[in-house]
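Only one structure is covered here, and it is reproduced in the block below.
Residue numbers (full-length UniProt numbering): 1 to 152.
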């Protein structure tokens, strides 16, 4: 035990005492083996948000702000839409996206699959089973000012 630890030790039984023991254990000074200290539980809602964030980074996927008026009016929902089913550390994902013209729908779907698989593996240590991607709409690209170009 280091001198700094013993000088700043809080009273036994206090919340700070429990917190300090946890920090000491994390630093290798106390108790259990690393695998026995606890486990990380990732909520289903967090997994859905990770998937949605990954989808929006994939090349060719139209940002949510660009699809909210056009697509939701015709389809009745905003895109991208994500559904997640988990079994332990394996995740099956269904995604509906809008693609930006002129990118091919197959290329957009492949990019989404890759982004989702990488994001879940790196951020949550989860593996993907099936990643189903449906391109349900195609939107026009915007010009540099962020507006649609109008042809008269």
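Using N, Cα and C, we set each Cβ at its ideal position, and we do this for glycine too. Note that the structure is predicted; figures quoted are calculated from it, not measured.
If you run the structure through DSSP and keep just helix, strand and coil, what is residue 122? By 1-based counting over the chain shown, the position of residue 122 is 122. Residue state, collapsed to three classes: helix.
Would residue 47 and residue 112 be called neighbours here (beta carbons separated by less than 8 Å)? In the chain shown, residue 47 corresponds to position 47, counting from 1. In the chain shown, residue 112 corresponds to position 112, counting from 1. Cβ distance not < 8 Å, so residue 47 and residue 112 don't count as in contact.
For a quick check, are the C-beta atoms of residue 98 and residue 92 less than 8 Å apart? The residue you call residue 98 lines up with position 98 of the chain shown. The residue you call residue 92 lines up with position 92 of the chain shown. No, the pair does not count as a contact, with Cβ atoms beyond the cut-off.
Would you mind giving the Cβ-Cβ distance between residue 109 and residue 136, rounded to the nearest angstrom? I have them listed as a contact below 8 Å. The residue given as residue 109 occupies position 109 in the chain shown. The residue given as residue 136 occupies position 136 in the chain shown. About 11 Å separates the two Cβ atoms, so there is no contact after all.
CA-CA distance, residue 106 and residue 43? To locate residue 106, count along the chain shown from 1; it is residue 106. To locate residue 43, count along the chain shown from 1; it is residue 43. Spanning the two alpha carbons is a distance of roughly 31 Å.
Residue span of the beta strand (DSSP E) that contains residue 98, given as start and end: If you number the chain shown from 1, residue 98 lands on position 98. Run containing residue 98: 90-100, per the beta strand (DSSP E) assignment.
Separation of residue 53 from residue 63, as counted between CA atoms: Numbered from its first residue, the chain shown carries residue 63 at position 63. Numbered from its first residue, the chain shown carries residue 53 at position 53. If you take the alpha carbons of residue 63 and residue 53, they lie about 10 Å apart.
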